[in-house]
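There are 2 protein chains.
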Amino acid sequence: MVKANNAYQIDVITGENTYPVYVGEGLLEHCSFVFEQLATRQVLMVSNETVAPLYMDKLLNAMPDVETDCLILKDGEQYKNFTSLQKIYDKLIDGRYHRDSYLIALGGGVVGDITGFAASTYQRGIAYIQIPTTLLAQVDASVGGKTAINHPLGKNMIGSFYQPEAVVIDVNTLRTLPEREFKAGLAEVIKYALLHGGTFFDTLYQQLEEGIDASDIEVLKPLIAKCCRIKADIVRQDEKETGLRALLNLGHTFAHALETLSAYKRWLHGEAVAIGLYCAVLLSVKLGYAKLSLAEKVAHMLSCAGLAYKIPVGIDVEQLCDKMMLDKKIKDKRLQFVLLEAPGACFLNSEVPERLLKETLIEAFEGD
Amino acid sequence: MVKANNAYQIDVITGENTYPVYVGEGLLEHCSFVFEQLATRQVLMVSNETVAPLYMDKLLNAMPDVETDCLILKDGEQYKNFTSLQKIYDKLIDGRYHRDSYLIALGGGVVGDITGFAASTYQRGIAYIQIPTTLLAQVDASVGGKTAINHPLGKNMIGSFYQPEAVVIDVNTLRTLPEREFKAGLAEVIKYALLHGGTFFDTLYQQLEEGIDASDIEVLKPLIAKCCRIKADIVRQDEKETGLRALLNLGHTFAHALETLSAYKRWLHGEAVAIGLYCAVLLSVKLGYAKLSLAEKVAHMLSCAGLAYKIPVGIDVEQLCDKMMLDKKIKDKRLQFVLLEAPGACFLNSEVPERLLKETLIEAFEGD
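Chains A and B are the protein sequences, given in the same order. Numbers given in the working numbering equal positions in the first sequence, counted from 1, plus 68. Numbers given in the working numbering equal positions in the second sequence, counted from 1, plus 68.
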């Protein structure tokens, strides 16, 4: 297998298989090496109406010997549903795709999640390749094999753990990413820095102070590769999220509550994660695990990334707290938080008192 | 773990886990040992309107400390669809079932397949237990983790490989099984005898000559356990059907074509398999692999089981052959047959000439 020049390769090792994540510049034009082994198979490429016009032709040119069909979904989280899934199934069945066919997901997290889920369930599982085009999907969603669709009553309620054959990350695609989405992706990058700590955290801190934009390829390439490496390391140890992998939910307990409360309309996922990260650090401070200076540091990083980190006016903090606690009271479930002592020292905690949670939310609130 | 007296236990070993299959009499009343480890969890039992009135209360009594909710689906292959699947999801989400909940499938293959698929995809996978109540599900569908629903354009097109935590087979449930369904189940038993050969084949031959009915518990218990053991052995070696496991499709290439041609209305699956088994042996004879006497033997066994084995009047043999060959011509797919030299000596073959296939079908036709 010949690899594009200067591309990073991270191998994700799971119980069932090992697959490569390539991170490089111009990989869309130079990714034929990925398809070589799969050349004789039938391929269905799934994308959305925003990404397809930008990159689909480029990708098709890179795989000239492959018989490829395309399916273009509408763009947006609200289309990560049964209707879109059925469209993929229908296309596969109409086209008489067999078990040795494969799918390509070209797009952001929505396209990746739904295509992965279709791959995991069509004829009890066919191969698929992730080609993420948003920063958020590149550093997080495309690696690790979590697939899902949303149910009207809950996000990602239907899904599977199903690993791709390969992940191809072309950082050049970030050049066309709307700025708001790029910034939202930086929230997940900051999450990885908090999880990993060390020089990665310090370097990112500095880079954010200097400013990172989507055309800083030489900064972004190693940054994305590092996030993928951290994730791969966690997934290797706990593919099905029975423990360790839950650390990747740092900031997400808050983020999900915020997203639900606003019916997923107010924020991009990464934007909600930004607020969630700040809340998680603040809660860690309140519980005596972390120093206040860490909360200030994280707030500064999020600001530098252009991300709001306070719970904004318009959100009823009491209601937010009740919502989180209500979930906790159901059956034996306990509301689980990822807390941290310092960058690189995160842990799970299911024993957060309601009072401290509320204090945290009030403190994170930007109003008054 | 205390096991019911005189129950067989077969362990199914797969890459991800190992689980027990219990085969015994009165297990529905005495299966609390299966649930002991799961006692604190939330349980949703899925059944159908035929089986639920007969056995649901019995089972609920056996698990008094478990908080159990029930969902009763309509009975029939036509309900193994997205609508039924959604009913399970809705019930799970409405009831706020968590990732540590589990499902119980109480019924035949349809209930087992759809419940298993729901379990494999709800919140990326929760546990489930199979409690099959038809002979076909007991000897075949409930063991090995194949889950599925039908797509309007194809049977079992959407599904997964997802192993249960346990399979509980109470042979007493066969006493209420309609005779036609019992006989259909015997077709799969004969399939296992052909796959395995040896004394199992000889003994079954004799037992069928003497007549087996649904109340012959002492005959059925070891028979079912043996089929499960054969299947477990194959699944252990090839869980995801990349090779060996395809042998379990003996007779099924024909059966599927017959079922499709008749829009799944004319036969129970096992009845189509009966004809398929006869055709597979006949084709093996025609290709010079098996002796004609084997075809006669198999025909005799199927007759003794009360199963028609000839392609009946009303089926257009030309059309059947065209249908099978058409499938073959699509893309690189080849029509794969399981052939045999003798009981216990089966193999895969993708090189059957159309002419011989047609001759076989004509010879298996009962008309003229």
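Yeah, the Cβ is synthetic: ideal placement off N, Cα and C, and Gly gets one too. Predicted, not measured: the structure shown is a model, and the values here were computed from it.
Item	Value
Sorted by chain position, which residues of the same chain lie with C-beta nearer than 7 Å to residue 29 of chain B's C-beta, five sequence neighbours on each side aside?	As displayed, chain B neither begins before 69 nor continues past 436, which places residue 29 of chain B out of reach and without an answer.
What does the alpha-carbon distance come out to for the pair residue 315 of chain A and residue 134 of chain B?	31 Å
What separation, rounded to the nearest whole angstrom, lies between the Cα atoms of residue 219 of chain B and residue 159 of chain A?	12 Å
Give the residues of chain A in contact with residue 219 of chain B, contact being defined as C-beta atoms less than 7 Å apart.	157, 161
Flag this pair as touching only if the stretch 223-240 of chain B and the stretch 187-197 of chain A have three or more C-beta atom pairs under 8 Å; answer yes or no.	yes
Compare the beta carbon distance of residue 102 of chain A and residue 234 of chain A with 7 Å and say whether it is the shorter of the two.	yes
Determine which residues share a DSSP beta bridge with residue 214 of chain A and list them.	A:229
So, is residue 142 of chain A buried or exposed, given that buried needs 16 or more other C-beta atoms within 10 angstroms?	exposed
How should residue 129 of chain A be labelled, buried or exposed, when 16 other C-beta atoms within 10 angstroms of its C-beta is the threshold for buried?	exposed
Apart from the five residues just before and just after residue 76 of chain A, which ones in its own chain have a Cβ nearer than 6 Å to its Cβ?	91, 293
Suppose contacts are defined by Cβ-Cβ distances below 7 Å. Is residue 362 of chain B in contact with residue 349 of chain B by that definition?	yes
Look up residue 246 of chain A in the DSSP assignment and say whether it is helix, strand or coil.	coil
So what does residue 404 of chain B bridge to, in DSSP terms?	Answer by DSSP bridge pairing: none, since residue 404 of chain B is not bridged.
Cβ closer than 7 Å: which chain B residues qualify as neighbours of residue 286 of chain A?	Neighbours of residue 286 of chain A on chain B: none; closest Cβ ~36 Å, over 7 Å.
With a threshold of 7 Å between beta carbons, is residue 397 of chain A in contact with chain B?	Residue placement at residue 397 of chain A is flagged as unreliable, the pLDDT there being 49, under the threshold of 50; the coordinate-derived value follows with that caveat. Judged by the 7 Å Cβ criterion, residue 397 of chain A is not in contact with chain B.
Kindly indicate if chain A contains any beta-carbon less than 7 Å away from that of residue 228 of chain B.	yes
Which of the three DSSP states is assigned to residue 304 of chain B in this structure?	helix
Who are the neighbours of residue 188 of chain B on chain A, taking C-beta pairs under 8 Å?	228
Among B:391, B:272, B:248, B:237, which one has its Cα closest to the Cα of residue 368 of chain B?	B:272
By how many angstroms is the C-alpha of residue 411 of chain B removed from the C-alpha of residue 354 of chain B?	16 Å
Would you verify that the beta carbon of residue 334 of chain A is, or is not, closer than 7 Å to some beta carbon of chain B?	no
May I ask you to list, following chain order, the residues of the stretch 81-100 of chain B that have a beta carbon less than 8 Å from some beta carbon of chain A?	83, 84
Just the chain A side, please: which residues come within less than 9 Å of residue 214 of chain B by C-beta, in chain order?	192
Going by the DSSP bridge assignment, what does residue 110 of chain A pair with across the sheet?	A:135
Name, in chain order, the residues that DSSP records as bridge partners for residue 77 of chain A.	A:90
Excluding the five sequence neighbours on either side, which residues of its own chain have a C-beta within less than 7 Å of the C-beta of residue 427 of chain B, listed in chain order?	354
In terms of DSSP beta bridges, what is residue 170 of chain B paired with?	B:111, B:195
For residue 433 of chain B versus residue 366 of chain B, is the C-beta spacing smaller than 7 Å?	no
Would you mind sorting residue 381 of chain B into buried or exposed? The rule is 16 or more other CB atoms within 10 Å of its CB.	exposed
Candidates B:96, B:228, B:186, B:390: which alpha carbon is nearest residue 328 of chain B's?	B:390
Excluding sequence positions up to five away, which residues of its chain have a Cβ less than 7 Å from the Cβ of residue 85 of chain A?	231
Measure how close the beta-carbons of residue 148 of chain B and residue 229 of chain B come, nearest whole angstrom, since I'm counting them as under 8 Å.	That belief does not hold up - the Cβ atoms of residue 148 of chain B and residue 229 of chain B are roughly 17 Å apart, past 8 Å.
Verify whether the separation of the beta carbon atoms of residue 119 of chain B and residue 201 of chain B is less than 7 Å.	yes
Closer than 8 Å by C-beta to residue 185 of chain A: which residues in its own chain qualify, once you throw out the five before and the five after it? Chain order, please.	153, 215, 216, 217, 226, 227, 228, 230
How far does the alpha helix (DSSP H) with residue 162 of chain B in it reach, from first residue to last?	150-162
Cβ of residue 225 of chain B less than 7 Å from any chain A Cβ?	yes
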